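Going down the list, the sequences are from chains L and W. The first sequence begins at 1 in UniProt numbering and counts up one residue at a time. The second sequence begins at 1 in UniProt numbering and counts up one residue at a time. All C-beta atoms in this analysis are idealised placements derived from N, C-alpha and C, irrespective of residue type, glycine included. Since this is a predicted model, take the numbers as computed values, not measurements. One structure is given below, encoded as structure tokens.
Protein chains: 2
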Amino acid sequence: MLRIMMNKNNRAATHGHSWRQCSKPLLDLLSSRPDDPIISSSNSGCYPNHLAENGEQRRSLQTCVDCVGGYRETLRTSMDRCSRQAFVMQYRNFVSAAAKVKRNPSFSALMPDDIAYFKGILGEKNVIQDEDRLDFANTDWMHKYKGSSKLLLLPRTTEEVSQILRYCNSRRLAVVPQGGNTGLVGGSVPVFDEVIINMGSMNKVVAFDKVSGILVCEAGCILENLISFLDNQGFIMPLDLGAKGSCQIGGTVSTNAGGLRLVRYGSLHGNILGLEAVLANGDVLDMLGTLRKDNTGYDLKHLFIGSEGSLGVVTKVSILTPPKLSSVNLAFLACEDYLSCQKLLLEAKRKLGEILSAFEFLDSQAMDLALNQLDGVRNPLPSLEHNFYVLIETTGSDESYDKEKLEAFLFCSMESGLISDGVLAQDIYQASSFWRIREGIPEALMRAGPLYKYDLSIPVEKLYDLAEDMRARLGQSAKVVAYGHLGDGNLHLNISAPKYNDMILAQIEPFVYEWTSKHRGSISAEHGLGLMKANEIFYSKAQEVVQVMASIKKLLDPNGILNPYKVLPHSLSSSS
Amino acid sequence: MLRIMMNKNNRAATHGHSWRQCSKPLLDLLSSRPDDPIISSSNSGCYPNHLAENGEQRRSLQTCVDCVGGYRETLRTSMDRCSRQAFVMQYRNFVSAAAKVKRNPSFSALMPDDIAYFKGILGEKNVIQDEDRLDFANTDWMHKYKGSSKLLLLPRTTEEVSQILRYCNSRRLAVVPQGGNTGLVGGSVPVFDEVIINMGSMNKVVAFDKVSGILVCEAGCILENLISFLDNQGFIMPLDLGAKGSCQIGGTVSTNAGGLRLVRYGSLHGNILGLEAVLANGDVLDMLGTLRKDNTGYDLKHLFIGSEGSLGVVTKVSILTPPKLSSVNLAFLACEDYLSCQKLLLEAKRKLGEILSAFEFLDSQAMDLALNQLDGVRNPLPSLEHNFYVLIETTGSDESYDKEKLEAFLFCSMESGLISDGVLAQDIYQASSFWRIREGIPEALMRAGPLYKYDLSIPVEKLYDLAEDMRARLGQSAKVVAYGHLGDGNLHLNISAPKYNDMILAQIEPFVYEWTSKHRGSISAEHGLGLMKANEIFYSKAQEVVQVMASIKKLLDPNGILNPYKVLPHSLSSSS
């Protein structure tokens with residue numbers, strides 16, 4: 001690695017290489033069925049990616065993505081080994097959340113005639129009643145939520161989705177649309193006996209325009225497969241998640257997934273050009289435009305981006321993909337205070353501007369945890385202890401120009417005192433070791449013991465105040481660890497405690513939500529509301545807005561069959 | 001200017017300067033009232049910007065933006081002088097469109113008690129009944145649509161907007177929300193006697209965060225004033241329109257304005273972080289988030305982006321603004337065929353990637369027209385006639401790097417035969433002269449005589465086929481001119497005829513809409529539907545989608561008082 005020197009005369013020349021690994025070609029797998037075993041191209045060590053936080057799992061365990069048959073079994077073994085304690089806590093949370101929900105008595109129970117109908121339209125093998133397969137589909141990624149569905153359907157076409165929903169609506173059978181089931185808020189599994197509609201069989205690329213970079217594909221395409229397909233075409237997906245080996249594009253759209261490229265390419269509301277979605281009554285909404293500009297009336301596709309499958313089932317997606325750029329650089333830097341981190345962000349936006357692709361931060365508590373809990377992790381800046389660390393990644397089209405630009409920026413930042421030390425990765429191995437620190441924090445936290453996790457958006461200026469206020473509030477009773485996507489104003493606030501304790505929880509909640517609300521933050525930056533936070537919505541949304549949400553839900557899904565008990569507060573959704 | 005040389009050894013060194021003029025500071029004018037005369041900082045010649053196409057008027061006439069008193073009078077004088085013939089044609093179009101609409105009999109007529117009520121809440125001077133002032137507010141930018149409203153209201157706060165709407169809803173008084181009244185589809189003026197709510201008095205910046213670049217402001221802020229405000233802060237607006245001297249941010253959001261920076265910064269759906277909007281019943285929806293990530297339920301703000309004031313009145317806006325970058329370069333290039341233009345776009349996206357900020361094209365017919373009709377315009381590439389011309393602009397943070405990068409790209413493109421000739425502007429004057437050609441085309445077209453104008457989005461690959469098909473169809477009867485924002489897939493197709501002729505119109509329509517629809521294009525790329533194209537919506541939107549639009553309109557505005565007769569087809573809107 002290149003050490004950034006304090007003395008101008010010692011400014012080091014760089015002779016590094018682009019270090020970002022390309023995903024291996026998976027084009028031929030795009031048309032594979034979900035019961036074919038597919039090995040992801042993710043490249044990290046042994047930590048199971050489903051334990052890590054969404055967007056925190058960049059280089060994670062090889063994942064078997066047979067989403068219906070045996071997927072996630074390897075992960076679960078590992079999970080059971082290393083984090084049983086955490087699950088006990090999570091289960092307690094779950095019990096407490098589930099206790100508030102009662103099955104909507106207006107929903108019908110599944111009858112043999114229903115099964116026969118579905119077999120008639122989907123064929124025997126796409127109507128799943130096998131207990132083991134249902135157990136997987138009923139259980140969420142974190143083992144936190146578990147439903148009791150007796151039926152999993154695997155439609156292969158939009159028309160089949162339409163037929164399923166039309167029937168379920170007429171019979172008042174509740175349904176859960178399911179993609180890769182990688183959600184973290186209980187949104188993708190049944191709460192009770194809802195019919196699961198898994199989209200994994202709709203996994204074809206429909207079209208790709210190499211001039212405009214516009215990709216049209218079915219909802220069940222796995223994100224990593226799309227990344228690989230585009231890599232061969234010289235393009236990238238505008239979003240990248242740790243869960244990419246399992247998550248499906250329809251699910252990422254339905255949850256408005258954020259991830260690692262948001263600071264550069266913006267949210268899915270900007271990148272999704274069109275959608276096809278099926279309403280509860282079976283009506284197919286063809287909004288599958290492939291245009292950057294289309295001002296012909298209300299842009300209804302946005303209703304389906306981030307509504308977690310509660311307004312309709314996304315069946316196809318049109319997405320603008322950026323061209324792949326060849327030059328990637330990464331710096332690992334130290335700042336002495338949070339104000340310097342903020343100023344550094346401002347300078348990076350201005351001086352790196354068009355090549356800035358990530359701006360992540362961690363505090364010293366997060367660094368200590370990574371160093372103490374993770375095997376093989378070393379501090380790239382070992383000479384002194386620092387209060388904050390920042391990772392700055394650039395992505396551009398010219399290796400030498402970009403590197404010089406980053407070096408000049410870093411040198412200026414050192415001279416002005418914004419950064420107190422720093423290193424620039426010289427190859428992919430060094431870069432991976434830097435990312436391992438940042439991305440290993442969720443794993444380190446899980447290893448450290450019982451954990452209270454919060455995914456918050458807060459205006460950047462105030463973001464770290466919450467960590468300090470929480471630290472002052474909790475004193476010695478628990479350790480407060482803060483890190484996250486500073487470039488997006490997304491804080492991952494974690495409280496690591498010696499044991500699960502209702503007293504500590506009472507100190508944290510509702511304080512953390514109230515604090516976030518007071519500063520006009522969001523109680524869910526990237527994970528959604530799902531079942532977990534449906535009742536907390538008022539911390540982030542005004543009463544009148546939630547009322548309109550409920551009216552739109554009622555309009556589009558009058559029987560409330562689509563993903564019930566999620567997103568909307570139960571007081572409002574039960575009336576719909 | 002720097003001529004791009006064919007011979008590698010003769011590759012010219014560049015010593016140019018950044019040429020993009022900064023707007024002069026107007027910070028102090030941000031809090032000015034709309035009846036103060038404000039002179040815009042736009043810097044072109046004598047062509048009135050309200051004659052040019054939206055997004056086509058970059059350097060336009062100095063505009064007096066006293067939007068209530070005497071604004072646009074200078075423009076109109078100029079307009080009357082140079083384009084009377086065109087207005088005759090437009091008026092005929094208007095008559096034909098208006099003939100299809102009947103006043104909704106469920107709307108009340110204005111009564112003296114109503115006036116008294118409004119004076120009570122707004123004060124005497126903000127309730128306008130003066131005929132001259134009403135005449136301006138009743139008439140659209142192009143003199144194409146004219147309403148007969150007897151009342152213009154000037155609210156100063158969200159609460160006042162709420163009171164107005166609550167009252168109008170209870171009285172069934174129809175209203176037209178109005179910003180700068182720069183729309184081109186009859187969306188911003190009354191059709192009959194609707195009450196006009198002009199937002200120009202709500203023109204304050206509420207907050208600006210220099211770390212995140214997030215601006216919060218009232219809906220009536222004039223775009224150019226915001227640009228100037230941000231310029232002082234080291235930021236830019238993510239959109240830039242020719243109408244910036246008059247258009248208001250609330251109007252640009254309500255019409256989802258596109259403009260010149262879309263290819264770089266994307267659409268408003270990606271850049272608008274939050275909105276405050278008032279529903280027809282007076283309910284205020286506070287969705288004024290300032291967060292890049294917020295996944296807490298349906299993102300309802302998107303309903304108000306591009307719905308042309310028919311679902312609610314936007315009162316405040318939160319917008320993500322990019323940092324200002326110092327280096328701007330412009331190349332004027334020739335291509336021999338449309339396929340080369342396409343390939344050049346692909347290469348530019350890949351090789352210029354992060355610094356590409358505009359990719360515009362014009363065909364030889366457009367160039368001939370500019371050369372023949374515009375004073376002082378010269379062909380920068382006079383040695384040979386070429387079939388297509390492309391302007392490529394880059395914007396980045398490092399002058400020398402960016403220029404070298406552009407030069408290298410241009411050299412490669414010459415070597416590979418994608419471009420046959422080209423020049424690189426060396427200073428702002430040369431750059432302005434290049435832009436003058438591209439931006440002068442609407443003016444040249446107006447000068448050439450009767451004109452049929454279409455603003456279409458078409459997949460890039462097929463975009464120019466329409467011009468060729470139209471040319472084959474029309475033969476010698478009219479001249480087909482094509483240009484536009486190729487980087488966005490936005491074609492401005494213009495048919496210049498010797499005289500207005502129903503036979504020619506019948507050759508063009510509905511063919512142009514059918515062709516666009518067949519290729520999954522949009523019949524309105526950036527202008528919206530307004531009154532003009534409300535009944536043409538089915539060319540771009542599926543029946544089921546329009547039906548959901550109508551349901552949402554009915555849900556949010558059950559009496560249909562908000563901007564009636566616009567956006568939705570009259571068959572559906574009259575039933576709501």
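1) Please determine, among W/D299, W/L381, W/K293, the residue with the shortest C-alpha to C-alpha distance to L/I458.
2) Can you check whether the C-beta of W/D283 is within less than 7 Å of a C-beta belonging to chain L?
3) Just curious, the beta strand (DSSP E) that W/E276 is in, first and last residue?
4) Around the Cβ of L/L116, are there at least 16 other Cβ atoms within 10 angstroms (buried) or fewer (exposed)?
5) Assign L/G258 to buried or exposed, taking buried as 16 or more other Cβ atoms, counted over all protein chains shown, within 10 Å of its Cβ.
6) Compute the Euclidean distance between the alpha carbons of W/R473 and W/E443, then round it to the nearest angstrom.
7) Tell me which residue opens and which closes the alpha helix (DSSP H) that W/Y500 is part of.
8) Roughly how many whole angstroms lie between the Cα atoms of L/S433 and L/P498?
9) Assign L/L264 to one of two classes, buried (16 or more other C-beta atoms within 10 Å of its C-beta) or exposed (fewer than that).
10) Just list the alpha helix (DSSP H) runs in the stretch 440-525 of chain W, keeping only unbroken ones of 4 residues or longer that don't cross its boundaries, in chain order.
11) Using a Cβ distance threshold of 8 Å, determine whether the stretch 555-566 of chain L contacts the stretch 309-323 of chain L, with at least three qualifying pairs required.
12) Select from L/D402, L/N494, L/L325 the residue whose C-alpha is nearest the C-alpha of W/L346.
13) Hey, W/I214 and W/I272 are a contact pair by Cβ (cut 8 Å); roughly how many whole angstroms apart?
14) For L/K316, report the span of its beta strand (DSSP E) as first-last.
15) Mind pulling the chain W residues with CB within less than 7 Å of L/K541?
16) Should W/G530 go down as buried or exposed, given a rule of 16 or more other Cβ atoms within 10 Å for buried?
17) Quick check on L/D135: buried or exposed, where buried means 16 or more other Cβ atoms within 10 Å of its Cβ?
18) For L/I197, which beta-bridge partners are listed by DSSP?
19) Which residues in the same chain have their Cβ closer than 8 Å to the Cβ of W/Q365, if we skip the five residues on either side of it in sequence?
20) Please list, in chain order, all residues of the same chain as L/S496 whose beta carbon is under 7 Å from its beta carbon, the five residues on each side excluded.
21) For a contact meaning CB atoms closer than 8 Å, what does L/N256 contact in chain W?
22) Go ahead and pull the three-state DSSP assignment for W/Q543.
23) Would the beta-carbon of L/R110 fall within 7 Å of that of L/K144?
24) Please report whether the beta-carbon of W/Y401 lies at a distance below 7 Å from any beta-carbon of chain L.
25) For W/P323, does the three-state DSSP call read helix, strand or coil?
26) Please identify the residue among W/V567, W/L568, W/I561, W/K566 whose C-alpha is closest to the C-alpha of W/P105.
27) According to the Cβ coordinates, are L/L152 and L/A137 closer than 7 Å?
28) Bridge partners for L/D363 per DSSP, in chain order?
29) Rounded to the nearest angstrom, what separates residue 578 of chain W and W/L418 at their Cα positions?
30) At the 7 Å Cβ level, is W/K405 part of the contact set with chain L, yes or no?
31) Can you look up L/G422 in the DSSP assignment and give me helix, strand or coil?
32) In chain order, what residues of the same chain lie with their CB nearer than 8 Å to the CB of L/C247, ignoring the 5 residues before and after it?
33) Check whether the Cβ atoms of W/F409 and W/K349 sit closer than 7 Å, and answer yes or no.
34) Please compile the residues from chain L whose C-beta is within a distance smaller than 8 Å of the C-beta of W/Q342.
35) Along the stretch 345-363 of chain W, where does the CB come closer than 8 Å to a CB of chain L? Name the residues.
36) Can you grab the Cα-Cα spacing for the pair L/W141 / W/E393, in whole Å?
On the basis of the coordinates in this document:
1) Distance check between L/I458 and each of W/D299, W/L381, W/K293 places W/K293 closest, using alpha-carbon atoms only.
2) So yes, W/D283 belongs to the interface.
3) Where W/E276 is concerned, the enclosing beta strand (DSSP E) stretches over 272-278.
4) Looking at the sequence shown, residue 116 of chain L is not Leu but Ala. Residue burial annotation: L/A116 is exposed, with fewer than 16 other C-beta atoms found within 10 angstroms of its C-beta.
5) Counting Cβ neighbours within 10 Å, L/G258 comes out buried, since at least 16 surround it.
6) Taking the straight line from one Cα to the other gives about 25 Å.
7) Element bounds for W/Y500: n/a, residue is neither H nor E.
8) Going from the Cα of L/S433 to the Cα of L/P498 covers about 29 Å.
9) Residue 264 of chain L is actually Arg in this sequence, not Leu. Result: buried.
10) Runs of the alpha helix (DSSP H) inside the stretch 440-525 of chain W: 460-474, 502-508, 511-518.
11) The stretch 555-566 of chain L, when compared against the stretch 309-323 of chain L, does touch it at the 8 Å Cβ threshold.
12) It is L/L325 whose Cα lies nearest to the Cα of W/L346.
13) About 11 Å separates the two Cβ atoms, so there is no contact after all.
14) Element bounds for L/K316: 313-320.
15) Chain W residues near L/K541: T296, G297.
16) By the beta-carbon neighbour count (other beta carbons within 10 angstroms, threshold 16), W/G530 is buried.
17) So L/D135 ends up on the exposed side.
18) Secondary-structure assignment with DSSP links L/I197 through a beta bridge to L/L153, L/P177.
19) Hits under 8 Å: K479, V480, V481, A482.
20) L445, A448, G449, L451, A478, K479, V481.
21) Identification of chain W residues near L/N256 by a Cβ-Cβ cut-off of 8 Å yields N295, D299, ordered along the chain.
22) Looking at W/Q543 - three-state DSSP - the assignment turns out to be helix.
23) Here the sequence assigns Leu to residue 110 of chain L, which means Arg is not the residue at that position. It is not a contact, given that the beta carbons lie outside the stated cut-off.
24) It does: the Cβ of W/Y401 has a partner Cβ on chain L nearer than 7 Å.
25) In the structure shown, W/P323 sits in a strand (DSSP, three-state: E or B).
26) It is W/I561.
27) The answer is yes: Cβ separation under 7 Å.
28) The partner list for L/D363 (beta bridge, DSSP) reads L/F388.
29) Residue 578 of chain W lies beyond the residue range present for chain W, which begins at 1 and ends at 576; the question has no answer from this structure.
30) So, interface residue.
31) In this structure, L/G422 counts as strand in the three-state DSSP scheme.
32) G179, G180, T182, I222, L223, L241, A257.
33) W/K349 sits away from W/F409, with the two beta carbons spaced by 7 Å or more.
34) Per Cβ cutoff of 8 Å: V211.
35) Result list: L345, L346, K349, R350, K351, L352, G353, E354, I355.
36) If you take the alpha carbons of L/W141 and W/E393, they lie about 47 Å apart.
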